[in-house]
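Beneath this line is the structure, given in structure tokens, with notes to follow.
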Amino acid sequence: MAIEIIGECEDHIPSGWGYRAVKRKLGRCVCGKEIQLLKFTNTCVCGRDYNISGCLLAPRSQWGEETGEIDIDVLSAGHHIET
Ligand SMILES: [Zn+2]
Numbered sequence: 005m006a007i008e009i010i011g012e013c014e015d016h017i018p019s020g021w022g023y024r025a026v027k028r029k030l031g032r033c034v035c036g037k038e039i040q041l042l043k044f045t046n047t048c049v050c051g052r053d054y055n056i057s058g059c060l061l062a063p064r065s066q067w068g069e070e071t072g073e074i075d076i077d078v079l080s081a082g083h084h085i086e087t
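Residue numbering for the sequence shown is 5 to 87, as defined by my numbering.
Below is the structure:
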């Protein structure tokens with residue numbers, strides 16, 4: 005799920021001896037705060053993480069649980085092969 009994009013902002017990235025201006029998206033977090041989508045992972049003041057497209061990333065506390073689900077999928081897949 006992506007947040008609403010409310011505008012554009014400028015970011016400056018190192019280029020040669022100086023900096024180069026690049027256009028980035030400005031989104032609005034579900035908490036109501038504006039958030040600049042500058043990097044691969046952008047963290048709002050409320051703690052939510054968004055990628056550069058404004059898609060909400062899974063809370064870091066759930067990353068371990070997702071790995072557990074993958075393990076269960078692998079086990080059930082092996083069971084199907086045996087039968
Ligand atoms: Zn927020």
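Glycine is no exception: its CB is placed at the ideal position from the N, C-alpha and C atoms.
- For R52 and L30, the gap between their C-alpha atoms comes out near 15 Å.
- Going by C-alpha positions, I7 is about 11 Å away from L41.
- Pairing A25 with E38 gives a Cβ-Cβ distance that is not under 7 Å.
- Going by DSSP, L41 is part of the beta strand (DSSP E) stretching over E38 to L41.
- For L30, the enclosing beta strand (DSSP E) begins and ends at G22 to R32.
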